[in-house]
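Residue numbers (our numbering): 28 to 133. By construction, the Cβ of each residue, glycine as well, lies at the ideal position given by its N, Cα and C atoms. To start, the structure under review is shown below, and the notes come after it.
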């Protein structure tokens with residue numbers, strides 16, 4: 028299954044709707060490969076809080092993470108010394124999901 032070309036999608040979106048934010052987003056867009064965390068950070072930079080909350084609420088059930096992103100999230104937990112609840116709150120995940128990932132990837 029092919030992945031969407033997020034670089035093209037977000038570049039076009041920034042050029043059309045947010046040309047003033049191109050400088051702040053260019054470091055992420057110019058990366059060799061974009062991870063799920065990069066996409067989330069782009070969304071946070073582009074959309075305002077109210078619109079983002081509505082989108083996150085709508086998309087909450089449709090989140091999916093690839094294995095490298097899961098490893099980055101678990102590494103973030105180790106680096107920041109967070110428990111499962113704090114990590115789940117930070118990334119808006121279920122505590123059960125974090126526990127399942129830890130069991131599976133440990």
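When the options are compared against residue i, the one with the closest alpha-carbon
{"i": "residue 30", "options": "120, 91 and 54", "result": "91"}
{"i": "residue 63", "options": "49, 98 and 42", "result": "98"}
{"i": "residue 50", "options": "32, 72, 67 and 111", "result": "72"}
{"i": "residue 33", "options": "59, 46 and 45", "result": "59"}
{"i": "residue 61", "options": "119, 45 and 95", "result": "95"}
{"i": "residue 23", "options": "106, 101, 48 and 108", "result": "The structure shown does not extend to residue 23, since the chain is modelled only from 28 to 133, so the question has no answer here."}
{"i": "residue 45", "options": "75, 67, 133 and 113", "result": "75"}
{"i": "residue 67", "options": "128, 132, 118 and 113", "result": "118"}
Assigned secondary structure, residue i (DSSP; H/G/I helix, E/B strand, else coil)
{"i": "residue 102", "result": "helix"}
{"i": "residue 123", "result": "helix"}
{"i": "residue 51", "result": "helix"}
{"i": "residue 95", "result": "helix"}
{"i": "residue 31", "result": "coil"}
Contacting residues, own chain, Cβ-Cβ under 8 angstroms from residue i (five flanking each side not counted)
{"i": "residue 121", "result": "115"}
{"i": "residue 42", "result": "49"}
{"i": "residue 133", "result": "none"}
{"i": "residue 128", "result": "97, 100 and 101"}
Cutoff 7 angstroms; reference residue i; Cβ partners in own chain excluding five residues on either side
{"i": "residue 111", "result": "122, 125 and 126"}
{"i": "residue 69", "result": "37, 52 and 55"}
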